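In our numbering, the protein residues as written are 7 to 190. Every residue gets a Cβ at the ideal spot worked out from N, C-alpha and C, and that includes glycine. Predicted model only: the values in this text are computed from it and were never measured. Please read the structure below before turning to the comments.
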Amino acid sequence: YPTVGTIILLTFTYMTLFPWVFRLVVLGIVYFFTVFLPVLITYLYRRLHGWGQQDLRERHKRFIPYAIHFICYLCCMYLLDNMHLPRFLTAILFVSLLVQTCCIVINMFWKVSMHSAGSGAVIGALVAYSGIFGFNPVWWLCVAILLSGCVMSSRMVLLQHSLPQVLVGTMVGVICGFFGILFV
């Protein structure tokens with residue numbers, strides 16, 4: 007989700023004034039730290055333990071992969087902050103970290119969908135950004151809500167989560183996305 011949010015902000019804000027090479031470098035950094043590196047390290051961790059994809063369904067086995075993602079996102083946020091990029095761009099990473107933290111805490115007691123939380127964060131962030139940048143978010147909200155519904159449905163169809171788990175995940179994401187963007 008940080009990669010998609012970064013693409014949107016680099017495309018639809020004043021950041022289009024920056025040279026395209028600079029924007030590609032920023033996007034590459036975000037992609038590297040939020041997609042490539044955590045997926046690679048998690049894959050290597052699973053291989054080291056001889057685990058398959060199904061093994062991560064067990065709650066106690068997800069802690070290290072969560073920590074890997076969290077650390078990679080934190081490093082990306084630190085790097086972008088040191089590049090003195092606008093706060094509204096690094097706020098995406100802050101929201102992602104906030105969503106992960108809330109979901110990790112909730113997952114200690116009850117299983118909640120991180121995928122749904124991520125899609126909910128997009129909705130909350132979109133509403134917050136519409137207030138910051140002064141645009142009408144209705145059409146974008148329709149798309150975001152539709153995609154969030156697809157994510158929630160897929161998690162249930164794949165038998166990964168129940169309806170309450172995806173609904174709570176989405177609400178956690180909306181709340182974290184909205185307040186995380188506004189207060190960073």
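1) Taking Cβ to Cβ, would you say residue 94 is nearer than 8 angstroms to residue 15?
2) Ordered along the chain, which non-local residues of its own chain (more than five positions away) have a Cβ less than 8 angstroms from that of residue 9?
3) Taking the alpha-carbon of residue 151 as reference, which of 129, 84 and 26 has the nearest alpha-carbon?
4) Looking at the structure shown, is residue 67 part of a helix, part of a strand, or coil, going by DSSP?
5) If you run the structure through DSSP and keep just helix, strand and coil, what is residue 118?
6) Going by DSSP in three states, residue 92 sits in which element: helix, strand or coil?
7) Consult DSSP for residue 125 and reduce its assignment to one of helix, strand or coil.
8) Given a cut-off of 8 angstroms, decide if residue 161 and residue 102 are closer than it, judged by their beta-carbon atoms.
9) Determine, using beta-carbon pairs with one atom in the region 126 to 141 and one in the region 108 to 115, whether at least three such pairs fall under 8 angstroms.
10) Looking at residue 122: is its Cβ nearer than 8 angstroms to the Cβ of residue 186?
11) Does the distance from the CB of residue 106 to the CB of residue 76 come in under 8 angstroms?
12) Going by DSSP in three states, residue 113 sits in which element: helix, strand or coil?
13) If you reduce the DSSP assignment to three classes, tell me which class residue 55 lands in.
14) Can you tell me whether residue 10 is helix, strand or coil according to DSSP?
15) Express the C-alpha separation of residue 177 and residue 133 in angstroms, rounding to a whole number.
16) With residue 25 as the anchor, note down where its alpha helix (DSSP H) starts and where it stops.
17) By how many angstroms is the C-alpha of residue 88 removed from the C-alpha of residue 28?
Answer, in terms of the structure:
1) In the sequence shown, the residue the question calls residue 94 occupies position 88. In the sequence shown, the residue the question calls residue 15 occupies position 9. In this structure, residue 94 places its C-beta atom within 8 angstroms of the C-beta atom of residue 15.
2) Locating residue 9 in the sequence shown gives position 3, where the first residue counts as 1. Excluding sequence neighbours, residue 9 sits near 33, 36, 37, 40 and 41.
3) By 1-based counting over the sequence shown, the position of residue 151 is 145. The candidate whose alpha carbon is nearest that of residue 151 is 129.
4) Along the sequence shown, one-based indexing puts residue 67 at 61. Helix at residue 67.
5) One-based indexing of the sequence shown puts residue 118 at position 112. Correct three-state label for residue 118: coil.
6) Along the sequence shown, one-based indexing puts residue 92 at 86. Note: residue 92 maps to coil in three-state DSSP.
7) The residue given as residue 125 occupies position 119 in the sequence shown. The three-state reading of DSSP puts residue 125 in helix, counting H, G and I together.
8) If you number the sequence shown from 1, residue 102 lands on position 96. If you number the sequence shown from 1, residue 161 lands on position 155. Contact check for residue 102 against residue 161 fails: the beta carbons are separated by 8 angstroms or more.
9) Segments in contact, no.
10) Residue numbering aside, residue 122 sits at position 116 when the sequence shown is read from its first letter. Residue numbering aside, residue 186 sits at position 180 when the sequence shown is read from its first letter. By the CB criterion at 8 angstroms, residue 122 and residue 186 fall outside the cutoff.
11) Working through the sequence shown from its first residue, we reach residue 106 at position 100. Working through the sequence shown from its first residue, we reach residue 76 at position 70. Contact: yes.
12) Locating residue 113 in the sequence shown gives position 107, counting from the first residue. It is helical.
13) Here residue 55 refers to the residue found at position 49 of the sequence shown. Reduced to three states, the DSSP call for residue 55 is helix.
14) Residue numbering aside, residue 10 sits at position 4 when the sequence shown is read from its first letter. Three-state DSSP puts residue 10 in a helix.
15) Along the sequence shown, one-based indexing puts residue 133 at 127. Along the sequence shown, one-based indexing puts residue 177 at 171. Answer to the nearest angstrom: the Cα atoms are 14 angstroms apart.
16) Numbered from 1 along the sequence shown, position 19 holds the residue referred to as residue 25. Counting along the chain, no alpha helix (DSSP H) covers residue 25, and no H or E run does either.
17) On the sequence shown, residue 28 is found 22 positions in, with the first residue counted as 1. On the sequence shown, residue 88 is found 82 positions in, with the first residue counted as 1. Rounded to whole angstroms, residue 28 and residue 88 show a C-alpha spacing of 15 angstroms.
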